[in-house]
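Everything on this sheet refers to the single structure shown next.
Numbering (my numbering), first residue to last: 16 to 284.
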């Protein structure tokens, strides 16, 4: 049985669908589907074959598409307008909730999702400067909001009804001016990893399985230190000024490795 890989193409507002063949280290593009303007993030409900895609546009929104696994095409089903464009989306509580972070809106929101995939009005809204990522713990019992502007990971209890209650402590702090960007959890939910945009550092945090609280534990450089990159700062042009520009991170090889990308020097660490 083959698997599918979806890739958002923000520049031309499409999503490409690739087929991954077992035993073959290659991708076969089988479809390109038009989606909302400037789509750079989406969440997939594999059980219902639904794709929730963020659109910038005017007004911004969240579009819901049905995925045809045979052809790879996406067919538009619903659209919900939102106050600010979403930078990151993730599903929680078995797909009954959709959480999103809005970088330009400086907030994270939680939306209910109906059985047919329709997205409702937000049930929770929390303000965090340059919120860049949201991640769920324990199937959705906790929600983590990565705030690049405040240098924190805000941590909440997420109810099945979509309400947010701050954990104690309410934040896990990143180094000042580091610009935390994206977060991933390990499969056992005992650890989290965050990549910072301005300092290019991978942060390791422990996670209490009972409470969901994150605690900073370790840090390591995650960029090419031999490329002469200077530290990034908010508002700078990192490519033009040759500054650190941390991007994304993923666990690999049965979680024995953490892969981190940096955009200015185009490297993986």
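We put the CB at the ideal spot given by N, CA and C, even for glycine.
Since we're looking at a predicted model, the values are computed, not measured.
What distance in whole Å lies between the Cβ atoms of residue j and residue i, which are believed to be in contact at a cut-off of 8 Å?
i: residue 50; j: residue 70; result: 7 Å
i: residue 273; j: residue 217; result: 6 Å
i: residue 113; j: residue 104; result: 6 Å
i: residue 145; j: residue 118; result: 5 Å
i: residue 159; j: residue 150; result: 5 Å
i: residue 82; j: residue 132; result: That belief does not hold up - the Cβ atoms of residue 82 and residue 132 are roughly 11 Å apart, past 8 Å.
Assuming contact is defined by CB atoms lying nearer than 8 Å, are residue i and residue j in contact in what I supplied?
i: residue 222; j: residue 207; result: yes
i: residue 277; j: residue 251; result: no
i: residue 32; j: residue 101; result: no
i: residue 134; j: residue 67; result: yes
i: residue 167; j: residue 186; result: yes
i: residue 170; j: residue 106; result: no
i: residue 237; j: residue 193; result: no
i: residue 130; j: residue 210; result: no
i: residue 155; j: residue 91; result: no
Pick out whichever of the options has its Cα sitting closest to the Cα of residue i.
i: residue 204; options: 57, 44, 219, 262; result: 219
i: residue 162; options: 122, 256, 177; result: 122
i: residue 84; options: 103, 45, 115, 98; result: 45
i: residue 172; options: 96, 137, 261, 183; result: 183
i: residue 26; options: 202, 37, 53, 178; result: 53
i: residue 77; options: 124, 35, 38; result: 124
i: residue 38; options: 283, 22, 18; result: 18
i: residue 59; options: 30, 36, 42, 75; result: 30
i: residue 259; options: 72, 268, 246; result: 246
i: residue 270; options: 248, 72, 201, 209; result: 201
i: residue 243; options: 231, 256, 20; result: 256
i: residue 153; options: 188, 174, 63; result: 174
i: residue 142; options: 115, 130, 136, 127; result: 115
i: residue 110; options: 95, 148, 99, 176; result: 176
i: residue 189; options: 155, 35, 233; result: 233
i: residue 241; options: 253, 248, 282; result: 282
i: residue 248; options: 137, 22, 41, 191; result: 191
i: residue 28; options: 34, 89, 42; result: 89
i: residue 148; options: 36, 120, 41, 136; result: 120
Assign residue i to one of two classes, buried (16 or more other C-beta atoms within 10 Å of its C-beta) or exposed (fewer than that).
i: residue 196; result: buried
i: residue 16; result: The predicted model places residue 16 with a pLDDT of 47, which falls under 50 and marks its position as unreliable, so this point remains unresolved.
i: residue 157; result: buried
i: residue 279; result: buried
i: residue 180; result: exposed
i: residue 227; result: buried
i: residue 97; result: buried
i: residue 214; result: buried
i: residue 128; result: buried
i: residue 212; result: buried
i: residue 20; result: exposed
i: residue 74; result: exposed
i: residue 87; result: buried
i: residue 253; result: buried
i: residue 62; result: exposed
i: residue 137; result: buried
### Query
Where in the segment 218-260 do unbroken runs of the beta strand (DSSP E), each at least 3 residues long, occur, reported from the N-terminal end onward?
The segment 218-260 contains these whole beta strand (DSSP E) runs: 229-236.
### Query
Could you give the uninterrupted runs of the beta strand (DSSP E) lying entirely in the segment 167-225, keeping only those of 3 residues or more?
Segments of the beta strand (DSSP E) lying fully in the segment 167-225: 167-173, 179-188, 195-200, 206-211, 216-222.
#### Entry: Those runs of the beta strand (DSSP E) which lie wholly inside the segment 32-69 and span at least 3 residues
Fully enclosed beta strand (DSSP E) runs of 3 or longer: 42-49, 57-60.
### Those runs of the beta strand (DSSP E) which lie wholly inside the segment 136-171 and span at least 3 residues
Qualifying beta strand (DSSP E) stretches, in chain order: 139-142, 146-152, 157-162.
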